[in-house]
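Written below as structure tokens is the structure these notes are about.
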Amino acid sequence: MKFSRWVFNISGVYGVISIAPLYFMEQAIGQQDPPPITHPMFFYGFVGVTLVWQLLFLAIAYQPVRLRPVIPFAVIEKLSFGIGAMVLYRHGRLDHSDLYFGGIDLALAVLFMLVWWRLARESSPGWR
468 MKFSRWVFNI
478 SGVYGVISIA
488 PLYFMEQAIG
498 QQDPPPITHP
508 MFFYGFVGVT
518 LVWQLLFLAI
528 AYQPVRLRPV
538 IPFAVIEKLS
548 FGIGAMVLYR
558 HGRLDHSDLY
568 FGGIDLALAV
578 LFMLVWWRLA
588 RESSPGWR
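Take 468 as the starting number for the sequence shown in the numbering used here and just add one per residue.
This is how it looks when you write it as structure tokens:
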């Protein structure tokens, strides 16, 4: 269970640190990576939903056994961005420096699957 807590704590903290500042970066993103954001509702909606997922990861870290049924959805959340980043990069629509973040999400998806599997083994009778 220690592994589960570490994985989800690291993921949640990393996510909050990397996502929360986006609330204050709309103008900077538009200048660094033109064109400017033309639909702020979608941008802030993405940031808000993504931030809520990070808080869920912290909740899973706190009670991994109880929240184990939610972990497959966390895997899907990570795969949706990681695979999407790969597809966009392959089609020349994503810079290689942004592909890095998709890679992190794919690695976290694998770790989340390992956590889900290990928690099932640890909670089954006869383990140990």
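Don't be surprised by glycine CBs; every beta carbon is placed ideally from N, CA and C.
Note that the structure is predicted; figures quoted are calculated from it, not measured.
Exposure label - residue i; buried when at least 16 CB within 10 Å
i, result
"Asp572", "buried"
"Pro531", "buried"
"Ser547", "exposed"
"Val554", "exposed"
"Val577", "exposed"
"Phe491", "exposed"
7 Å Cβ shell around residue i - same chain, five flanking residues per side excluded
i, result
"Ile428", "This structure leaves residue 428 out entirely; the chain is present only between 468 and 595."
"Gln521", "Gly479, Gly482, Val483, Ile486"
Backbone CA spacing between residue i and residue j [nearest angstrom]
i, j, result
"Val519", "Ala541", "12 Å"
"Tyr556", "Asn476", "29 Å"
"Glu544", "Pro507", "22 Å"
"Phe524", "Arg560", "29 Å"
"Ala526", "Pro502", "36 Å"
"Gly549", "Val474", "17 Å"
"Arg588", "Leu581", "11 Å"
Sequence-distant residues of its chain with Cβ nearer than 6 Å to residue i (five each side left out)
i, result
"Gly515", "none"
"Leu489", "Val514"
Contacts around residue i, its chain only, beta-carbon distance under 8 Å, and the 5 residues preceding and following it disregarded
i, result
"Ala552", "Leu561, Asp565, Leu566, Phe568, Gly569, Gly570, Asp572"
"Arg585", "Phe470, Ser471"
"Thr517", "Gly482, Ile486"
Contact test: residue i Cβ vs the ligand NAD heavy atom, cutoff 7 Å
i, result
"Leu546", "The ligand NAD is absent from the structure shown, which contains no ligand whatsoever."
field: 4-residue-minimum alpha helix (DSSP H) runs that sit fully inside the region 478-540, ordered along the chain
entry: Note on the region 478-540: whole alpha helix (DSSP H) runs with a minimum of 4 residues are 493-499, 507-529, in chain order.
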